[in-house]
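Structure first, commentary second.
Given below as structure tokens:
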């Protein structure tokens, strides 16, 4: 959620001979929708002029899977260490390498000779704050970098020869749709249950936004992160999509009683780190309105409030 908390606020002095002022922002994330708000005031008039615009940055490059294949058997306990050494030669933070898995195989070289191999597979995740270099280019370990990797592996106790280091095919993306549209099943004082099902394996999420918090529709990514359109944390829940059943159920808890909410739901595929979201545009967003059960808490009357104020004042004195 960290990137949605980034914003810039500033002001510029404008003289009558200035036609325009240009501001450039270099900390934006790829594939992200932003709001730009401008306000103009000459310091004298009682009413200024304001305008709001929206834009979406270019989608970032995909995460890149790659493998490191060894001759012979290498223990599974080396999975993390191999990732660290590979990241060092790729020039990336080791935390960007994920999905470390180990497989073994055999290959017949001659009619009487069988060679065993151990392959470690990783994924170099996209960095949405940097457009270049792409993960596909960063994942490659060739030439001098490959020589250094082999040396460092031996120093780490892995004496097996490296057979190959290669990029793998990038997994395909699938945009989810609803095979069963969201339908509210049950509402209590503190939670709401909704039945729904996405068309693809991945995750399904719903967020309940208090109408006093925001009446605008959040983006699919905001729903996925449990945020309102104003990036305010809101009650939400995510489940692993079960495509073997006709319908899944999500229960969102932590709601206030006797409160009006709008429920928004979305789904994503299983693409690593930055999954594919549902097609999500302002004219296609559907919010489901509901009110939690129970009675609103009674407000203190003026007399009790005055009594409390006097009592507190007396304590302070």
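Residue numbers (this note's numbering): 6 to 322.
Idealized CB from N, CA, C, for every residue including glycine.
Item                                                                                                                             : Value
Residue 140 - containing beta strand (DSSP E), residue span                                                                      : Where residue 140 is concerned, there is no enclosing beta strand (DSSP E), although the alpha helix (DSSP H) it sits in stretches over 140–144.
For residue 288, the three-state DSSP class (helix, strand or coil)                                                              : Below a pLDDT of 50, predicted positions are generally treated as unreliable, and residue 288, at 47, falls in that range; the measurement from the model is reported next regardless. Residue 288 falls in the coil class under three-state DSSP.
Any alpha helix (DSSP H) of 4 or more consecutive residues that is wholly inside the segment 205–233                             : 225–230
Continuous beta strand (DSSP E) stretch holding residue 255: start and end                                                       : 253–257
Nearest residue (CA-CA) to residue 244, options 205, 59 and 137                                                                  : 205
Beta-carbon contacts of residue 17 that lie in its chain and below 6 Å, excluding the five residues immediately before and after : 26
Residue range of the beta strand (DSSP E) that includes residue 202                                                              : 197–203
Short Cβ contact (7 Å threshold) for residue 189 with residue 295                                                                : yes
Limits of the beta strand (DSSP E) - the one that residue 40 falls within                                                        : 38–45
Alpha-carbon spacing of residue 309 relative to residue 32, whole angstroms                                                      : Bear in mind that the predicted position of residue 309 carries a pLDDT of just 43, short of 50, making it too unreliable to give a figure here.
Cβ pair residue 35, residue 62 closer than 7 Å                                                                                   : yes
Residue 58 in three-state terms, based on DSSP                                                                                   : strand
Burial state of residue 267, where buried means 16 or more other Cβ atoms lie within 10 Å                                        : buried
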